Each structure stands twice: as C-alpha cells, then as structure tokens.
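Numbered according to numbering that gives the first Met the number 0, the sequence shown spans residues 0 to 465. C-beta atoms are modelled at their ideal positions from N, C-alpha and C, and glycine is treated no differently. Model, not experiment: these values are computed from the prediction.
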Amino acid sequence: MSMTAEIKLDGTALREFETSFRGQLIRPGNGSYEEHRKIWNGSIDRRPALIARCAGVADVIAALGLAKRAGLQVAVRSGGHSFPGLSMCDGGIVIDLSLMRAIRVDPETRTARTQAGALWGDFDHETQAFGLATTGGIVTHTGVAGLTLGGGIGWLQRKHGLTIDQLIAVDLITAEGELVKASAAENVDLFWGVRGGGGNFGIVTEFEFRLHPVGPTVLAGPIFWPIEESPRVLRFYREWIADAPDELMTIVIHRKAPPLDFVPAELHGQLVVAIVCCYAGPLDEGAKVLRPLKDFRSPVLDLCEPKPYVAHQGMFDPSFPHGRWYYMRACDVAELTDDVIDITVEHSMRIRSPLTTFPIWQMGGAVASVDDDDAAFNGRGAGHTFNITGSTETAAGFDEEREWARSFWTALEPHRSGVYVNFLMNEGTERVREAYGAAKYDRLKALKRRYDPENLFRLNQNISPT
Ligand SMILES: Cc1cc2nc3c(=O)[nH]c(=O)nc-3n(C[C@H](O)[C@H](O)[C@H](O)COP(=O)(O)OP(=O)(O)OC[C@H]3O[C@@H](n4cnc5c(N)ncnc54)[C@H](O)[C@@H]3O)c2cc1C
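See the structure below:
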C-alpha cells in the first residue's frame, strides 16, 4: 500500500514505517475506511489521510513519529465517544488504539491493568468475573481512556470516588515519542495532570486501577412517573437524597418513554420522568433506603430490582447507540433549587425527539471527600451535573434538538457552577479554562509547556502551552 498521495514524506521513510507497523493502516479508498472513520456521534464527518490502528505501544510510537516527520495533525482515538468528535480529524493521522483492549485483573491485590483501547463493557466483564469493579462509564461502549483522562463519573462514584480516584498509574507516550510512567511515586506532576487534563500531555497506552468488591448483584434500575408529576418528584427527590448514604447513586432522566419490551405499550412515546438508582451495598439495606422513593405517588413503572451489576451498566446502551446525531450542553449546579427544578420541568415538557434523553447526575459522596488539589479534575463540590443531550436518528430535526439543548442550558445560566470537561463540545478556550478554574488551568498550562510545548496533542479540550 502506498500512502504517498496524501502523506508527503520520502519514499524510504514511508516504506520503513509501512513494513514495521504491526496493526492496520487504513487510508481513503481502502475497503474499511468508511467504517473506521466513523465515531460514536453520527453528526461528525471527517476524513483523515490515515488511520493507524495500532497493535501495541511500538505502533503508537511509530505512528506518532510518522505524523511528526510528515507534519500531520494528530488525533488520538480510544473509544471514539468524544461528543464533539475530537478523536477524528480531517486530513491528518488518527492514532487509533481500539485494537489494544487487553485487560489483566489481579484479584489478590484488587487491581487491573488495561490497555487504552478497552471499553467499559470489556473492563466490567473482566473485573466482575472476580466480583470486583471500579467507577466507570454508564454506557458499556464508552472508552476507558478518554473517560478516565477527563475524570470519570459513574454509578460507583458516591461510594468509591471518581474513576481517577482509582487510578494507580499510567504509561504514556510523550510528544517526543518517549514512554514515561506516572503515578503517585513517579512523575507526580504528570500524574496530577492526566487525572482530569485529558489527552493534552501524551498518548496513554495503559492504565492501572484499584478495584473494589461490587455485587455481582446490585439493587438498581429506573422508577418512572408521568411528566406531570415531575415538579413533585424532583422536590421529593431533593429531600430524599439530602441524607442518602454514599452507597446510593442516582440519575434523573426526562424523555419520551421508548418502545422497549419492558415498557408498557400505553407509555410508549409519552414524556416521563425517571429516577434511576444504583445501590452499591447489601441488597436488604438498599431496599430500605429505596422504599420511600418506590412508595412516592405510585410510579407508573418500577424497574429498580436486584440485577447483575453488568446488566445495570448496560442499561443505557439502547438509549445512546452509535451513529445517531447527538448535541450536548452541560453544566454543574450546586443544588436543585425551586428555580432549577422549574427550568428543568419547563424544558423537559418541550422535548420533541423520541430519542432525546438527558441525565442529571447526583454528585457528592466520595467524590467530594477527596482533596480538590489532588488532581487536575475540577468540580468535586458540584451537587448535580446536567448533561443536556439532544438526539436524532439523522440530520432531520437535529437543528431543533440543538436549539432546545442550547436554550435549556442558557436558562440554567444563573445557576451554573462549572462544567465537567468530558461533557464539553467545541466551546472554545474560555470554557476549557472555566472547566478547570483559573488556578488549575495555569498549572496545566505549565505542565503542557513541559510535556508538549509544540501543542502536538491539540485535538482535545486543549490547554494551549502559550
Ligand atoms: C454514550 C456516552 C456515555 C458516556 N458516559 C459517561 C459516563 O458514564 N461517565 C463519564 O465520566 N463520561 C461519560 N461520557 C463522556 C466520556 O467520558 C467522553 O466522551 C470521553 O472522552 C470518551 O472517551 P473515549 O475513549 O470513548 O473517547 P475518544 O473519542 O476516543 O477520545 C476522547 C478524547 O480523549 C483523547 N484520548 C482518547 N484516548 C486517549 C489516550 N489513550 N491517550 C490520550 N488521549 C486520549 C482523544 O484524543 C479525545 O480528545 C460518555 C460519553 C458518551 C458518548
């Protein structure tokens, strides 16, 4: 295969690269190019000059070297779930880690090492074989890498903390093409930066995590009410979670009830509010904690019951499949005040697309008990995280959903207290700075100057070195 058409480099250097690369090299015209340039968000349509599907660390180093010699823009792809499509580029090279998915669990030390291309479904599958887990994404096909590098929120966060709070060490390839390790004992500044600072400092090829006994059966699932009940449900919910134990984690959903088997036919297409729960503790204790919610104003559907943790982890998969068009605006709020509830109800009533589902995450618990200076991640004090996601099957109706998400987010403006960096779209430097706060942003910039002064890794929520 010759790549000279798009990549300007002398023939010998290119041939050397092609022959030494162990994974797959995919370029325009190649049979699987269309498949591999797709990422989760169907609204992203980019055409890289080369997709280098790396088989291992040596391939990552070689692909990065090629990009530098040929002056190509670099995109790094693991799970491909970046909302704004930051893992795909036009004309440059995609260093694609999706073939690198090996995971090794050590049940004795309760740790797991995972290659960066693994998805949360892979990770949970391996760790739950030993009754273990760590805080991870709530959709199984989300990448371990991008999620972790931004912070990582999930069902276990209130009990065990963020995903980064479970991180022991990373292997990272720097802009110089060198392998460095970062942990609490080695390259401590870098370890601070990768726990929230995204892909700004290099390509992480491997993560090591702490694990915790979880399940394998947990009390979990959604409880639904008609949307008209939402003002009362949200006010009750606010009181109910005020003194909830850290084992309980909840997400509020407003959407049109999907036509799924377990949803009664009369609810299909009707706007509903749901409180989705996960109790990461003994089932009988969970049942007591959940009783008041289950008794509140006769829910129309109660699917909160004992189930395998991995089944609960897959619960949102049908709501967020690959290829749909997604647009998102996000923010944290300190609390669900009456104003915030009113804005939420008003905008939920205006949901048009049957595919639009937006989560409001309960924060706090163990997330808030870690010292804020411990990692680059910002926002441990948030009460709730709004993830206002509009979605359509194709471009049809997408503009309206995007406008709905924007107007909802704008209405929340007086109540916004920050934003989780992994929930940003392409919103510009000021928003990235807002996500980290001024002090952390300055510290991240200094770190960026040390590890990536040329800003080679800039397709991310970028922290510019200058
Ligand atoms: C359906 C869905 C569900 C989600 N659920 C959650 C959730 O439960 N909790 C949560 O916290 N977030 C969640 N998110 C947000 C998620 O954390 C981010 O979208 C994250 O960036 C996805 O990681 P990825 O590896 O799949 O993405 P990718 O698109 O592959 O990468 C995202 C960004 O990270 C960089 N990157 C990827 N891999 C590496 C690497 N190995 N080294 C250096 N940089 C890298 C990329 O360059 C890009 O800038 C969800 C997103 C989606 C779409």
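Say yes only if the C-beta of residue i is nearer than 7 Å to one or more non-hydrogen atoms of ligand 2, and no if none qualify.
i	result
Asn-425	No copy of ligand 2 appears in this structure; the ligands present are ligand 1.
For residue i and residue j, what's the separation of their Cα atoms in angstroms?
i	j	result
Ala-365	Gly-130	21 Å
Ala-410	Tyr-419	18 Å
Asn-459	Ser-352	29 Å
Arg-405	Met-424	12 Å
Arg-194	Gly-150	6 Å
Ser-77	Gly-28	23 Å
Glu-246	Gln-127	18 Å
His-346	Gly-417	20 Å
Gly-380	Asp-121	31 Å
Met-0	Ala-48	Low confidence applies here, because Met-0 scores a pLDDT of 44, under 50, leaving its location unreliable and the question unanswered by this model.
Leu-282	Cys-88	47 Å
Glu-467	Glu-33	Outside the shown range of the chain (0 to 465) lies residue 467, about which nothing can therefore be said.
Pro-258	Phe-315	14 Å
Ser-229	Glu-433	31 Å
Leu-13	Leu-98	22 Å
Gly-135	Gly-214	15 Å
Thr-18	Gly-197	32 Å
Leu-178	Asp-44	32 Å
Thr-113	Met-348	42 Å
Asn-461	Pro-298	44 Å
Ala-184	Ile-60	24 Å
Asp-188	Asp-58	27 Å
Thr-249	Glu-284	16 Å
Arg-68	Gly-10	12 Å
His-253	Arg-237	16 Å
Leu-65	Phe-190	27 Å
Asp-95	Asn-199	16 Å
Excluding sequence positions up to five away, which residues of its chain have a Cβ less than 7 Å from the Cβ of residue i?
i	result
Glu-334	Gly-382
Trp-239	Pro-291, Leu-292
Ala-4	The pLDDT assigned to Ala-4 is 46, lower than 50, so where the model puts this residue is not dependable; a value taken from the coordinates is nonetheless given after this. Contacts found: none.
Ser-31	Ile-25
Gly-160	Thr-134, Ala-365, Val-366, Val-369
Ile-387	Met-327, Arg-328, Ala-329, Phe-357, Ala-404, Phe-407, Trp-408
Ile-342	Ala-410, Leu-411
Leu-354	Arg-323, Ser-390, Thr-391, Glu-392
Glu-399	Arg-351
Asp-53	Sequence check: residue 53 is Cys here, not Asp. Around Cys-53: Gly-22, Val-59, Ala-62, Ile-94, Asp-95, Leu-96, Leu-98, Met-99.
Could you check how far apart the C-beta atoms of residue i and residue j are, in whole angstroms? I think they sit under 8 Å.
i	j	result
Thr-173	Gly-142	No, Thr-173 and Gly-142 are not in contact; Cβ-Cβ is about 21 Å, not under 8 Å.
Gly-153	Thr-147	With 8 Å as the limit, Gly-153 and Thr-147 do not qualify as a contact, their Cβ atoms being about 11 Å apart.
Val-73	Ile-92	6 Å
Leu-302	Phe-235	That pair is no contact at about 19 Å.
Asn-377	Gly-427	Not quite, the Cβ-Cβ distance comes to about 17 Å (not below 8 Å), so this is no contact.
Ala-310	Phe-206	The Cβ separation is near 24 Å, so there is no contact.
Leu-210	Arg-109	4 Å
Lys-306	Gly-220	7 Å
Leu-218	Glu-304	7 Å
Leu-155	Ala-279	6 Å
Thr-139	Gly-313	5 Å
Please go through the same chain and pick out, in chain order, the residues whose beta-carbon is closer than 6 Å to the beta-carbon of residue i, but skip the five residues on each side of it.
i	result
Glu-359	Note on residue identity: the sequence assigns Ile, not Glu, to residue 359. Taken in chain order, the residues that qualify are Val-251, His-383, Phe-385.
His-35	Ile-25, Ile-50
Val-339	Val-332, His-414
Pro-452	Pro-464
Ile-350	none
Leu-300	Phe-223
Gln-269	Ala-256
Phe-397	Trp-324, Thr-391
Leu-63	Gly-176
With a threshold of 8 Å on Cβ separation, who are the neighbours of residue i within its own chain once the five nearest residues in sequence on each side are excluded?
i	result
Lys-180	Ala-168, Val-169, Asp-170, Leu-171, Asn-186
Gly-70	Lys-7
Pro-317	Pro-257, Leu-259
Ala-491	Summary: the structure shown does not reach residue 491, with the chain confined to residues 0 through 465, and so no result is reported for it.
On the three-pair Cβ rule with 8 Å, is the stretch 220-239 touching the stretch 318-331?
Because the criterion of three Cβ pairs below 8 Å is not met, the stretch 220-239 and the stretch 318-331 do not touch.
Run through the stretch 187-216 for me and flag every whole beta strand (DSSP E) of 3 or more residues, listed as ranges in chain order.
Under the rule that a run must span 3 or more residues, the beta strand (DSSP E) segments found entirely inside the stretch 187-216 read 202-209.
What runs of the alpha helix (DSSP H), each 4 residues or longer, lie entirely inside the stretch 16-71?
For the stretch 16-71, whole alpha helix (DSSP H) runs of length 4 or above, ordered along the chain, are 32-36, 56-69.
Contact the stretch 359-374 vs the stretch 76-87: 3+ CB pairs below 8 Å:
Too few Cβ pairs lie closer than 8 Å, so no.
Please determine if the stretch 89-109 and the stretch 445-452 are in contact, where contact requires at least 3 C-beta pairs separated by less than 8 Å.
Look at the beta carbons and you see the stretch 89-109 not touching the stretch 445-452: under three pairs across the two are nearer than 8 Å.
Answer yes if the stretch 274-281 comes into contact with the stretch 389-398, meaning at least three C-beta pairs across the two stretches below 8 Å, and no otherwise.
The stretch 389-398, when compared against the stretch 274-281, does not touch it at the 8 Å Cβ threshold.
Should the stretch 318-326 be called in touch with the stretch 39-47, which here means at least 3 C-beta pairs below 8 Å?
Flag = yes, the stretch 318-326 and the stretch 39-47 touch.
Segments of 3+ residues assigned as beta strand (DSSP E) that fall wholly inside the stretch 394-420
With a minimum length of 3 residues, the continuous beta strand (DSSP E) runs that stay inside the stretch 394-420 are 415-417.
Can you list, in chain order, the stretches of the beta strand (DSSP E) that have 3 or more residues and sit fully within the stretch 270-295?
List check, beta strand (DSSP E) in window: 270-278.
Identify every run of the alpha helix (DSSP H) within the stretch 361-391, keeping only runs that are complete inside it and at least 4 residues long; order them along the chain.
The qualifying runs are 365-368.
Residue ranges of each alpha helix (DSSP H) within the stretch 289-341, 4 or longer:
Counting whole runs of 4 or more residues, the stretch 289-341 contains the alpha helix (DSSP H) stretches 308-312.
Return the chain-ordered ranges of every beta strand (DSSP E) run that is complete within the stretch 132-157 and spans a minimum of 3 residues.
The qualifying runs do not exist here; there are none.
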